[in-house]
Amino acid sequence: MNPDQHPRRSVLAGVLAAGATALVGAPAEAASARPADLDGRKPTVVLVHGAFADASGFNGTITLLHKAGFPVIAPANPLRDAAGDAAYLSSVLDTITGPVILAAHSYGGVVITNAARGHTGVKALVYLGAFAPDEGESALQLAQRFPGSELGSALLARPYPLPGGAQGTDGYIDPEKFRAVFAADLPASETRLMAATQRPGSVEGLGGPSGTPAWRTIPSWYLIPTEDRVIPPAAQRFMAGRAGSTVTEVRSSHVVMISHPHAAADVIKAAYLATRSKAHR
3 MNPDQHPRRS
13 VLAGVLAAGA
23 TALVGAPAEA
33 ASARPADLDG
43 RKPTVVLVHG
53 AFADASGFNG
63 TITLLHKAGF
73 PVIAPANPLR
83 DAAGDAAYLS
93 SVLDTITGPV
103 ILAAHSYGGV
113 VITNAARGHT
123 GVKALVYLGA
133 FAPDEGESAL
143 QLAQRFPGSE
153 LGSALLARPY
163 PLPGGAQGTD
173 GYIDPEKFRA
183 VFAADLPASE
193 TRLMAATQRP
203 GSVEGLGGPS
213 GTPAWRTIPS
223 WYLIPTEDRV
233 IPPAAQRFMA
243 GRAGSTVTEV
253 RSSHVVMISH
263 PHAAADVIKA
273 AYLATRSKAH
283 R
């Protein structure tokens with residue numbers, strides 16, 4: 003028998019050919035977190051991290067959301083400038099079919115507040131120890147508006163080159179202060195790794211003015227970590243009240259989605275339940 007005519011090889015070849023055809027012929031959005039509402043499934047949850055962290059900080063929350071049947075995507079936030087970061091996230095939202103719940107931590111709140119504008123698929127905004135700025139405000143201004151933030155004295159500045167010969171400035175949290183300021187309720191062995199792998203936030207991004215806030219037209223939820231030493235809880239209560247957010251508080255450090263993933267997931271689920279009828283329109 004010709005090897006090419008062997009029954010098992012023929013079956014395998016057929017499977018591979020079919021798979022290749024499916025990959026080549028699939029529309030671009032099929033590779034993204036697409037399921038949302040077209041067939042009755044839950045909306046896509048898009049999680050946006052802030053400075054001094056990355057998307058892996060949502061791992062515990064993502065695990066719980068997956069168990070509850072939510073498709074999730076947690077893109078990398080560029081952390082370069084507020085307008086540019088929001089434009090990047092907006093381009094990610096363009097690839098998702100169906101309703102979306104947009105959730106963020108820390109500086110990521112600035113990003114979702116701006117990126118959600120014009121996206122009718124975004125049904126809810128969820129702020130997890132995050133900034134919810136009004137027009138013209140920056141993350142740095144809001145953090146300093148109320149007493150209690152220890153971030154400023156913990157930052158280390160490192161310059162980096164910009165196109166055209168200009169120079170930007172990245173802020174890192176001093177590894178010696180990282181746990182106390184950023185994640186005091188996590189084990190020291192974990193925070194040492196987090197400090198070593200932290201992604202810096204540019205001063206241009208943290209100090210950049212926000213645009214017209216999406217929370218004026220999109221319902222919002224707010225999880226406030228009451229032991230936050232980056233964004234004072236008083237600042238978060240102020241922002242949540244101004245936005246008309248549904249508020250939950252939990253005793254937690256700034257990284258509430260890591261130390262209390264159930265609380266983070268529960269707020270996202272609550273946002274889904276409250277907006278479910280709108281999500282299915």
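If you want the working numbering, it's the position in the sequence shown, counting the first as 1, plus 2. For every residue, glycine included, the Cβ atom is placed at its ideal position computed from N, Cα and C. The structure presented is a predicted model; accordingly, all values stated were derived computationally and were not measured.
Residue i and residue j: beta carbons closer than 7 Å?
i	j	result
A117	A273	no
G110	V50	yes
M259	T63	yes
E251	I233	no
A159	T171	yes
Y224	S247	yes
R201	D56	yes
Please report the distance separating the alpha-carbon of residue i from that of residue j.
i	j	result
A245	A134	8 Å
A242	G131	10 Å
A266	G167	42 Å
V269	A190	27 Å
S155	R278	43 Å
S34	I98	Low local confidence applies: a pLDDT of 37 at S34 is under 50, so the model's placement there is unreliable, and no value is given.
L142	F148	11 Å
G138	A106	20 Å
G209	P177	22 Å
D83	S151	22 Å
A85	P221	22 Å
L81	D187	25 Å
E192	S254	16 Å
Along the chain, where does the alpha helix (DSSP H) containing residue i start, and where does it finish?
i	result
S93	A84 to L95
E229	Element bounds for E229: n/a, residue is neither H nor E.
F261	Per the sequence shown, the amino acid found at residue 261 is Ser instead of Phe. Looking at the DSSP string, the run of the alpha helix (DSSP H) that includes S261 is V258 to S261.
G62	N61 to K69
Where does residue i fall in DSSP's three states?
i	result
D268	helix
V74	strand
A145	helix
A35	Here A35 scores only 40 on pLDDT, less than 50, and its place in the model should not be relied on; the value that follows carries that caveat. Coil at A35, not helix or strand.
G131	strand
Y109	coil
A157	A quick correction: the sequence has Leu, not Ala, at residue 157. It is a strand residue.
A126	strand
I98	coil
L104	strand
For the beta strand (DSSP E) containing residue i, name the first residue and the last one.
i	result
T46	T46 to V50
Taking the runs of the alpha helix (DSSP H) that are 4 residues or longer, which of them lie wholly in the stretch 166-234? 177-184, 190-199 and 205-209
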